[in-house]
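Chemist: Okay, handing you the structure first.
Protein chains: 2
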Amino acid sequence: MAEALKVGIGGLGTVGTSVIRILREKANSLACHCGRPIKIVAVSARDKDRNRGIDLSDVKWFDSPVEMAASDEIDVFVELIGGELDIVYTAVKKALEVGHHVVTANKALLARYGVEFAISAEKKGVFLNFEAAVAGGIPVIKAMRESLSGNHISRIYGILNGTCNYILTRMLTEGLSFKDCLIDAQRRGYAEADPTFDIGGNDTAHKLALLTSLAFGTTISLDDVYVEGISNISQIDIRAADELGYRIKLLGVALKTDSGIEQRVHPTMVPTSSMIAQIHGVTNALSIQSDLLGELLFSGPGAGGAATASAVIGDLADIAKARPGFQYAPVLGSPALGLTPHKKARISHHAGGYFIRLNVHDRAGVFAAVARHMADNDISLESIVQRPFVESQIVKTIILITHETTEVNVQQALAAIEKDGHLVAKSQFIRIEPIA
Amino acid sequence: MAEALKVGIGGLGTVGTSVIRILREKANSLACHCGRPIKIVAVSARDKDRNRGIDLSDVKWFDSPVEMAASDEIDVFVELIGGELDIVYTAVKKALEVGHHVVTANKALLARYGVEFAISAEKKGVFLNFEAAVAGGIPVIKAMRESLSGNHISRIYGILNGTCNYILTRMLTEGLSFKDCLIDAQRRGYAEADPTFDIGGNDTAHKLALLTSLAFGTTISLDDVYVEGISNISQIDIRAADELGYRIKLLGVALKTDSGIEQRVHPTMVPTSSMIAQIHGVTNALSIQSDLLGELLFSGPGAGGAATASAVIGDLADIAKARPGFQYAPVLGSPALGLTPHKKARISHHAGGYFIRLNVHDRAGVFAAVARHMADNDISLESIVQRPFVESQIVKTIILITHETTEVNVQQALAAIEKDGHLVAKSQFIRIEPIA
């Protein structure tokens, strides 16, 4: 059997310790599968003395991940430190420079520096694997990078953040407010103490930016992602959506349009009968639409120590199976030097159906005014629902579902309605994603 | 750029011609992705003169696929002839013997000779890729063979035959009989003129046998698969299942039990709310349950020229990216020489819930007799439904849903009921798969 693949792990949180534990427990079957053992030889973390429930006596400790990344005692630097801290950037850069393979779960780092790193990895002929960075244990990166080589992808959409999907699921099933669901998610450990990154949609945006590059052969462009979080989704929206045959999901969507590539993260109405609507709780899912396949859908665990470790170990196994220097593996599907910036499609040009909720004063002429402003902006309506969603004599809620229109039209119509003084509260609109 | 990967295609049916067309159309992007061109240099099919709508003037024609497989003009033999004909077996064997890579969509061939071929491929250090053999364009083979390396799989289940799923979907949505749906499927080209292989469950069994080997590291054992087709599923079953919150799907299931590995293909009751129940028409799906991931689910197109070609091209791209002789790639996830036969769990020992339908004479004492035979065989009942599914004064239909019991108990109970003379027609039972 060939020599062991020597691994250095940076970061010993839940994922790092899971990876070490599983690599040890399954050492034999993995060695058999890969044709050589995968051996943890070094680790680096902040606090050497902390008890992590794993024996680190036979591995070398590095106080500095950068030093470990550069060390000739390792073949692979596994970066599980997180964040796009200077030190993480420096460590990965260093590892690639000296010709080490890199495995990382760090979407924030890759969303900023992925192309730079990919160029560096490809120049050195080493792997930069990042299955764990998107959708946790679901092997979407490998599928897009390798299995779909012959396909032209037209659209991807997915539920890429378990925290948001958990909150939206609970809002639907329990009738709780966004705030109560968030507190519950925090109590269960599904949401961070500071949940902004998740519920604001930024976590999804980082993942989407990576998938967009893989899907369309473009450079990673996080700044082009339009981002809207879920904090303004109310029970009324959830209930009205349900009545109209929709579920509200925080989707990341990337698609080719005539005016460029749209990358958007926002609460989205999806038909209740669609597969993506059946993705409950912390589960993630990704749909890929392409010329040869129509639609592929993957679902599974998007986070957690074991699921993320599964992805990291799959990445390590690929490296162990390849003989260094003899594998041509473009990190982002296409050679990094050939990736081209994409033309960004502006959200104002987004074309689609819209769910619009208006809380208006219950007085004569309001509905006529609303209808007129819609017509003035070329918006035709598919459904109109007026229900006493709020128990009030003086306020009523109007829900409109539009046919395909553009975002700019919707915003102009809503501005005009607001100007009339009929609105009791800010209007709400949610984009409808066409899903078969 | 490195030298082209030279491909010989055996079989020029829908899939073969699609592969050629797509490899030509996307030659540039594939060459960019793989670091070298993929070039069709030879083909072999039965009739040289048939017009297939593709230009074959620049490729070498072989009358014999065996001769092409052995030719030193190719690097890869792509076997799309189908069947487990002597000639196909000989051609693949020959290709591997001379050190060519092989890509095949032939599940029947692999279900019989997969381990023999895998041993041969691994000895020569060449690829034997077969993504297209199972679930068409869904990359389940790669996921199981590579991405899930760190996982211990406990169960897989899936919809692996589009014809059967199309028929069962139409029976549900249109209320048509099995026979009418089959005729419709044939008319649309979703079912063969001789549909036995599909509707009898054999096609699913072949695919399941391959997946079982990948899941559990065992030798492929087609003869151990218990197979039951869908031809005895009636409208009454479909409607009764619907009322009780179930859908009927032809599933292939493989799982580890205390008494060995169960491999079964049969009509299965799955909860209407489950993801697998939402797989409609010709779509395929596979669920994989493992220790690290809980459940992964993949769905997508299971057949058709383009989807199958997508899988073949993904397989070719993997070969193009690897530099021959320097990739260690166990064909079935674990080295083929180390695969062990599994202990077969007998279907009579299968434990689970059952849906039982009895058409009985409408006379006093029948229900009491049925209930007694169930109790005598230790079968406890979860639901009992008696509805006039058949319009008759003298016949009634009793539907029972059992709690977990064993197959042998169910069969004994049904034999006893039959012996009493209460049955008007043969009893029906359908296994319920526990799915969250």
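Protein chains in written order, with the UniProt record's numbering: chain A, 1 to 436; chain B, 1 to 436. Ideal Cβ positions, reconstructed from N, Cα and C, are used throughout, including at glycine.
1) Tell me which residues share the same chain as Gly150/A and place their Cβ nearer than 8 Å to its Cβ, disregarding the 5 neighbours each side in the sequence.
2) For a cutoff of 8 Å on Cβ pairs, would you count Phe127/B as touching chain A?
3) Can you say whether Pro267/A is buried or exposed, counting buried as having 16 or more other CB atoms within 10 angstroms of its CB?
4) Using a Cβ-Cβ cut-off of 8 Å, state whether Ile22/B counts as contacting chain A.
5) Would you mind telling me which residues of chain A sit closer than 7 Å to Lys26/B, beta carbon to beta carbon, in chain order?
6) Which one of Val19/B, Asp184/B and Leu12/B has the shortest CA to CA distance from Asp315/B?
7) Taking Ala311/A and Ala27/A to be in contact with their CB atoms under 8 Å, please state how far apart those CB atoms are, rounded to whole angstroms.
8) In chain order, what residues of the stretch 77-101 of chain B put their CB closer than 8 Å to some CB of chain A?
9) State the Cα-Cα distance for the pair Ile9/A and Glu79/A, rounded to the nearest angstrom.
10) Rounded to whole angstroms, what is the Cα-Cα separation between Thr104/B and Leu128/B?
11) Where DSSP assigns a beta bridge to Val78/A, which residues make up the other side?
12) Got a sec: which bits of the stretch 28-47 of chain B sit with their beta carbon under 9 Å from any beta carbon on chain A, in order along the chain?
13) Which residue from Glu243/A, Gly252/A, Gly245/A and Val41/A puts its Cα closest to that of Asp209/A?
14) Identify whether Pro65/A lies in helix, strand or coil by the three-state DSSP scheme.
15) What is the DSSP secondary structure of Ser273/B, reduced to helix, strand or coil?
16) Three or more C-beta pairs closer than 8 Å, one from the stretch 134-148 of chain A and one from the stretch 137-145 of chain B: is that the case here?
17) Using DSSP with H/G/I as helix, E/B as strand and the rest coil, what is Arg188/B?
18) Taking DSSP as the reference, what is the three-state secondary structure of Met60/A?
19) For Pro267/B, return the contacting residues in chain A, with the cut-off set at a CB-CB distance below 9 Å.
20) Three-state secondary structure (DSSP) at residue 439/A?
21) Looking only at its chain, what residues have a beta carbon closer than 6 Å to the beta carbon of Leu297/A, apart from the 5 residues adjacent to it on each side?
22) Determine the direct distance from the alpha carbon of Val270/B to that of Pro434/B, and round the result to whole angstroms.
23) In angstroms with no decimal places, state the Cα-to-Cα distance between Pro341/A and Ser64/A.
24) Just mark Glu122/B as buried or exposed, buried being the case when its beta carbon has 16 or more other beta carbons within 10 Å.
25) Tell me whether Gly229/A sits in a helix, a strand or coil according to DSSP, three-state version.
26) Taking Arg138/B as the query, report the chain A residues whose CB atoms sit under 7 Å from its CB, ordered along the chain.
27) Quick one: does Ser57/A have its CB under 8 Å from some CB of chain B?
28) Closer than 9 Å, Cβ to Cβ, to anything on chain B: give me those residues from the stretch 411-428 of chain A, in chain order.
29) Touch check for the stretch 357-371 of chain B and the stretch 218-228 of chain B: three-plus C-beta pairs under 8 Å?
30) Identify whether Arg112/B lies in helix, strand or coil by the three-state DSSP scheme.
31) Going along the chain, which residues of the stretch 296-323 of chain A sit with their C-beta nearer than 7 Å to a C-beta in chain B?
32) Within 8 Å of any Cβ in chain A, is that where the Cβ of Pro335/B sits?
33) Give a yes or no on whether the C-beta atoms belonging to Ala240/A and Val385/A are separated by under 8 Å.
34) Is DSSP giving Thr308/B helix, strand or coil here?
35) Please work out which residues of its chain come closer than 6 Å, Cβ to Cβ, to Leu255/A, disregarding the five sequence neighbours upstream and downstream, and give them in chain order.
36) Have a look at Thr14/B and Gly305/B and give me their C-alpha separation to the nearest angstrom.
Modeler: With the given structure in hand:
1) Excluding residues within five positions, the ones whose Cβ falls inside 8 Å are Leu292.
2) Answer no: the Cβ-Cβ gap between Phe127/B and chain A never drops below 8 Å.
3) When all chains shown are included, Pro267/A counts as buried.
4) Closer than 8 Å to the CB of Ile22/B there is at least one CB belonging to chain A.
5) Against chain A, a Cβ distance below 7 Å from Lys26/B picks out Gly150.
6) Per the Cα distances, Val19/B.
7) In fact, because the Cβ distance is near 19 Å, the residues do not count as touching under 8 Å.
8) Considering only beta carbons, no part of the stretch 77-101 of chain B lies closer than 8 Å to chain A.
9) Their Cα atoms are separated by approximately 6 Å.
10) The straight-line gap from Cα to Cα measures roughly 8 Å.
11) Its beta-bridge partners are Ile9/A and Val103/A.
12) For the stretch 28-47 of chain B, which is checked against every Cβ of chain A, the residues closer than 9 Å are Ser29, Leu30, Cys32, His33, Cys34, Gly35 and Arg36.
13) Reading off the sequence, residue 209/A comes out as Ala, not Asp. Each of Glu243/A, Gly252/A, Gly245/A and Val41/A was checked against the Cα of Ala209/A, and the nearest Cα belongs to Gly252/A.
14) Helix.
15) Taken through DSSP and simplified to helix, strand or coil, Ser273/B comes out as coil.
16) The stretch 134-148 of chain A, when compared against the stretch 137-145 of chain B, does touch it at the 8 Å Cβ threshold.
17) Of the three classes helix, strand and coil, the one that applies to Arg188/B here is coil, per DSSP.
18) A small fix is needed here, since residue 60/A is Lys in this sequence, not Met. In the structure shown, Lys60/A falls within a strand segment according to DSSP collapsed to helix, strand and coil.
19) Neighbours of Pro267/B on chain A: none; closest Cβ ~22 Å, over 9 Å.
20) The shown model of chain A, from 1 to 436, leaves out residue 439/A, and the question about it has no answer.
21) Met275 and Ser287, listed in sequence order.
22) The alpha-carbon atoms of Pro434/B and Val270/B are separated by roughly 7 Å.
23) Computed Cα separation, rounded: 35 Å.
24) When all chains shown are included, Glu122/B counts as buried.
25) Here Gly229/A carries a coil assignment [DSSP, helix/strand/coil].
26) Checking the sequence, you will find Ile at residue 138/B rather than Arg. Under the 7 Å cutoff, chain A gives Leu296.
27) Closer than 8 Å: no.
28) Flagged: no residues at all.
29) Here the stretch 357-371 of chain B makes no contact with the stretch 218-228 of chain B; the two share fewer than three CB pairs at distances below 8 Å.
30) Helix, per DSSP.
31) Residues of the stretch 296-323 of chain A with a C-beta atom less than 7 Å from some C-beta of chain B are Leu296, Leu297, Phe298, Ser299, Gly300, Pro301, Ala306, Ala307, Ala309, Ser310, Ile313, Gly314, Ala317, Asp318, Lys321, Ala322 and Arg323, listed in chain order.
32) Output row for Pro335/B: interface = yes.
33) When the beta-carbon positions are compared, Ala240/A and Val385/A come within less than 8 Å of each other.
34) Helix, per DSSP.
35) Cβ within range, chain order: Arg155 and Glu262.
36) Straight-line Cα distance between these residues: approximately 5 Å.
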